[in-house]
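Take a look at the structure set out below.
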Amino acid sequence: MDRAITSHDYQDMKSRVDKDIVLTKEKLTELQQEKSPFKVYLQKEVPMLENLLEYYRKVNGTTKKKILGCIFAEKLVLDKGKVTDPVFTEPVQLILRLSNSLKSTTGNVKSVLEIEKDLSKPLSYAPLLFKSVSKS
């Protein structure tokens, strides 16, 4: 073979590639318009998390128990009105680790590897999310 292609072969290949590009762009547009569960979560659930304490104070006892069950892995033990060693669920532990990691940057930019390293460490400090929780 002389590694040369005819103009006819070129046009055939070009038309196939152009067709593939159009199909790929259509698929991309379709995927961008599709609502994934993650997008729905970000759009609807994250704003609720931002106002969780306010929401918690307004709901009934059953819902309060469900919220606490999503945050704490075990029942809370009170000693002199304070919670002793709360055990958080994995998602909450991850959020707290990430929050602590980002807080410790103090103006410095952390690399993804540094943040991943911080996330793999055991949770050493876990501020109580509800300092004044009303009983239901």
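All residue numbers for the sequence shown refer to our numbering, where the first residue is 10 and numbers rise by one. Cβ atoms here follow ideal geometry from the backbone N, Cα and C, with glycine treated the same way.
By DSSP, does residue i sit in helix, in strand, or in coil?
| i | result |
| --- | --- |
| L61 | helix |
| V86 | coil |
| V68 | coil |
| V92 | strand |
Answer yes or no: do residue i and residue j have a C-beta to C-beta separation smaller than 8 Å?
| i | j | result |
| --- | --- | --- |
| V92 | V101 | no |
| T98 | A82 | yes |
| Y50 | M57 | no |
Classify residue i: buried if its beta carbon has 16 or more other beta carbons within 10 angstroms, exposed otherwise.
| i | result |
| --- | --- |
| R106 | buried |
| K75 | exposed |
| K73 | buried |
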